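Asks:
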Amino acid sequence: MYKCAVLLVLVAMQGTLIWSTCDVCQSNGAACINQTSYNLCFGGSSPNTAQTFTCTDGLVCTDQPIICFQRSETPASCGDTDSCGQCAPNYTFACTSRSTFAFCFGATKPTNVTGSCPTDYFCDASTQEICVKKTTDDSIICHLDKPILL
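Written out as structure tokens, the structure is:
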């Protein structure tokens, strides 16, 4: 019965975006600030931002007991941030957060001309529409709540 319920939830989630949160203290005492960096919480509910740590190559920040874990075995708990602020592949725009974007106008770096997606839409750099309601297998999402500084 339990396996059927899990399978049903996984099927229902197909094509929807799973939000992950950055800068939140996790049970392992770390608050991932992007895919590979984190601050420690020292038993509190707020991360100590005085010192930032970075996982070594090939590892991502997770909510596992071992903070930095193999990218191929465990997803980053703060989501995919590798594509944030990247103009490729279309050089039209770059997603700067889940719901914001900056135009590239054919260049490799985003400009300071920015915009926001409507409520219930998110930025997908794999499309020409910029803001979409559902993900696809090819979606390129910036998993940040707040826009990156360009």
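Per this note's numbering, the very first residue in the sequence shown carries number 412; after that it's consecutive. Ideal Cβ positions, reconstructed from N, Cα and C, are used throughout, including at glycine. All of these numbers come straight from a predicted model, not from anything done at the bench.
1) Specify, as a first and last residue, the run of the beta strand (DSSP E) that Cys457 falls within.
2) Would you say Cys433 and Cys489 are within 7 Å of each other, going by their C-beta atoms?
3) Entirely within the region 472-527 and at least 4 residues each: give me those alpha helix (DSSP H) ranges in chain order.
4) Considering only their Cβ atoms, is the gap separating Val435 from Ala442 smaller than 7 Å?
5) By Cβ distance, which residues of its chain are closer than 8 Å to Pro476, with the 5 residues on each side in sequence left out?
6) With C-beta atoms as the reference, is Pro458 less than 7 Å away from Thr511?
7) Can you tell which of Thr485, Thr507, Thr467 has the C-alpha that lies nearest to the C-alpha of Asp556?
8) Put Ser537 into one of helix, strand or coil per three-state DSSP.
9) I need the straight-line Cα distance from Ala461 to Val471, nearest angstrom please.
10) Please classify Asn523: is it buried, with 16 or more other beta-carbons within 10 angstroms of its beta-carbon, or exposed?
11) Could you check whether Cys466 and Cys452 sit closer than 7 Å to each other, using their CB atoms as the reference points?
12) Locate the beta strand (DSSP E) running through Asn450, then write down its first and last residues.
13) Going by DSSP, which residues form a beta bridge with Cys542?
14) In whole angstroms, what is the alpha-carbon distance linking Ile444 and Glu540?
Replies: According to the structure shown:
1) Position 46 of the sequence shown, counting from 1, holds the residue named residue 457. Just to set this straight, residue 457 is Ser in the shown sequence, not Cys. No beta strand (DSSP E) contains Ser457, which DSSP labels as neither H nor E.
2) As a working mapping, residue 433 is identified with position 22 in the sequence shown. As a working mapping, residue 489 is identified with position 78 in the sequence shown. Contact: yes.
3) You should have found no qualifying run.
4) Position 31 of the sequence shown, counting from 1, holds the residue named residue 442. Position 24 of the sequence shown, counting from 1, holds the residue named residue 435. Cβ distance < 7 Å, so Ala442 and Val435 count as in contact.
5) Taking the sequence shown and counting its residues from 1, one reaches residue 476 at position 65. Counting only Cβ-Cβ distances below 8 Å, and skipping sequence neighbours, we find Asn439.
6) Reading the sequence shown from its first residue, position 47 is the one you call residue 458. Reading the sequence shown from its first residue, position 100 is the one you call residue 511. No, these two residues do not count as a Cβ contact at 7 Å.
7) For the purposes of this step, residue 556 is taken as residue 145 along the sequence shown, with counting starting at 1. If we check each option's Cα against that of Asp556, Thr507 comes out closest.
8) Within the sequence shown, residue 537 is the residue found at index 126, counting from 1. In the structure shown, Ser537 sits in coil (DSSP, three-state: anything other than H, G, I, E or B).
9) As a working note, residue 461 is residue 50 in the sequence shown. As a working note, residue 471 is residue 60 in the sequence shown. Looking at the two C-alpha atoms, the distance is approximately 21 Å.
10) Indexing the sequence shown from 1 puts residue 523 at position 112. Exposed, by the Cβ-count rule.
11) Translated into positions along the sequence shown, residue 452 becomes position 41. Translated into positions along the sequence shown, residue 466 becomes position 55. The answer is no: Cβ separation not under 7 Å.
12) Translated into positions along the sequence shown, residue 450 becomes position 39. Element bounds for Asn450: 448-451.
13) As a first step, residue 542 is located in the sequence shown; it is residue number 131 there, counting from the start. Answer is Cys534, bridged to Cys542.
14) Residue 444 sits at position 33 when you count from the first residue of the sequence shown. Residue 540 sits at position 129 when you count from the first residue of the sequence shown. The straight-line gap separating the alpha-carbon atoms of Ile444 and Glu540 is approximately 28 Å.
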